[in-house]
Amino acid sequence: MFESLPEPLKKVVEHFASLPGLGPKSAMRIALHLLEIPREKVQSFGRDVFELRDKLKICETCGAYCNNSPCEICSDPGRDASLLCVVPDWDGLMLIEKTKLFKGTYLVLGGLISPLDGKMSSNLRIELLKKRLSSGKIKEVILALGSTREAEMTESFLSDFISKGNFNVRITRLAQGIPVGCDLKYVDGETLKQSICYRQKL
578 MFESLPEPLK KVVEHFASLP GLGPKSAMRI ALHLLEIPRE KVQSFGRDVF
628 ELRDKLKICE TCGAYCNNSP CEICSDPGRD ASLLCVVPDW DGLMLIEKTK
678 LFKGTYLVLG GLISPLDGKM SSNLRIELLK KRLSSGKIKE VILALGSTRE
728 AEMTESFLSD FISKGNFNVR ITRLAQGIPV GCDLKYVDGE TLKQSICYRQ
778 KL
């Protein structure tokens, strides 16, 4: 599809097309848009992308992206330091923060165990988790990893790791089941199974 494009445009389109969630058509639209906006904006955009990896930091306490380490959440004295929510990635942290319901702290694992993708427990921030648990401040660990096979595998590993470590903490997971506003007849079997297993008292 890109063969007939002028070489400079072809390179940019190929770069955008290689990004997650972008196909060839979307990549072409973005590249053409860059040709239409002022040169100064394109240069500013390029500098920001170039400096992204250099300026962005990883929080030494939770593993999240931040401007300064420790991050704002870890530095907030109003947070409940006894609650630790373990999420697979930064997106998960941001999603939970958006609800404005959770007032504890986080640990970003850096992914999920996925043998088919070559990602094992050694690729995750297990040592950082161990350090947090060894502090003695954590009373409950909430495993907010999702409901995929990889999430279940990671959850099982972490639960076993925490239990065997004698950290004296409560291990919980996010409730799983029927989404709000969903008709029961449209619920898949696995979701219904989770709903029955994790039913709540009225």
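Using my numbering, you'd call the opening residue of the sequence shown number 578 and step up by one each time.
By construction, the Cβ of each residue, glycine as well, lies at the ideal position given by its N, Cα and C atoms.
Do you know offhand how far phenylalanine 627's Cα is from alanine 752's?
So the two alpha carbons sit approximately 40 Å from each other.
So glycine 600 and alanine 594 are in contact, right, with Cβ under 8 Å, and what is the actual spacing, rounded?
The pair is a contact, with the Cβ atoms about 7 Å apart (cut-off 8 Å).
What separation, rounded to the nearest whole angstrom, lies between the Cα atoms of serine 711 and arginine 726?
So the two alpha carbons sit approximately 29 Å from each other.
If we count Cβ pairs, one from each stretch, closer than 8 Å, do we get three or more for the stretch 683 to 690 versus the stretch 636 to 655?
Segments in contact, yes.
Tell me, please, which residues DSSP counts as bridged to threonine 682.
Answer by DSSP bridge pairing, in chain order: Leu661.
If you draw a straight line from the C-alpha of leucine 586 to the C-alpha of leucine 705, how long is it?
Leucine 586 and leucine 705: Cα-Cα distance of roughly 43 Å.
State whether the stretch 667 to 677 contacts the stretch 693 to 703, with contact taken as three or more CB pairs (one from each stretch) at a distance under 8 Å.
Too few Cβ pairs lie closer than 8 Å, so no.
Let's test the definition: count the other Cβ atoms within 10 Å of the Cβ of valine 664 and tell me whether it reaches 16, buried, or not, exposed.
Classification of valine 664: buried, given that the 10 Å Cβ count is 16 or more.
Can you check whether the CB of leucine 661 is closer than 8 Å to the CB of glutamate 719?
Reading the sequence as shown, one finds isoleucine at residue 719 and not glutamate. Yes, Cβ-Cβ distance for isoleucine 719 and leucine 661 is below 8 Å.
Got a sec, what are the start and stop residues for the beta strand (DSSP E) arginine 750 sits in?
Arginine 750 -> beta strand (DSSP E) spans 747 to 750.
Assign glutamate 617 to one of two classes, buried (16 or more other C-beta atoms within 10 Å of its C-beta) or exposed (fewer than that).
Under this definition glutamate 617 is an exposed residue.
May I have the straight-line CA-CA distance separating phenylalanine 744 from serine 659, to the nearest angstrom?
Answer to the nearest angstrom: the Cα atoms are 13 Å apart.
Is the separation between the beta-carbon of threonine 682 and that of arginine 656 shorter than 8 Å?
Going by C-beta atoms, threonine 682 is nearer than 8 Å to arginine 656.
Can you name, in chain order, every residue of its own chain whose Cβ lies under 8 Å from the Cβ of threonine 749, other than the five neighbours on each side?
For threonine 749, where only same-chain residues beyond five positions count, the Cβ hits under 8 Å are Glu717, Val718, Ile719 and Leu720.
Using DSSP with H/G/I as helix, E/B as strand and the rest coil, what is lysine 677?
Looking at lysine 677 - three-state DSSP - the assignment turns out to be coil, as it is neither helix nor strand.
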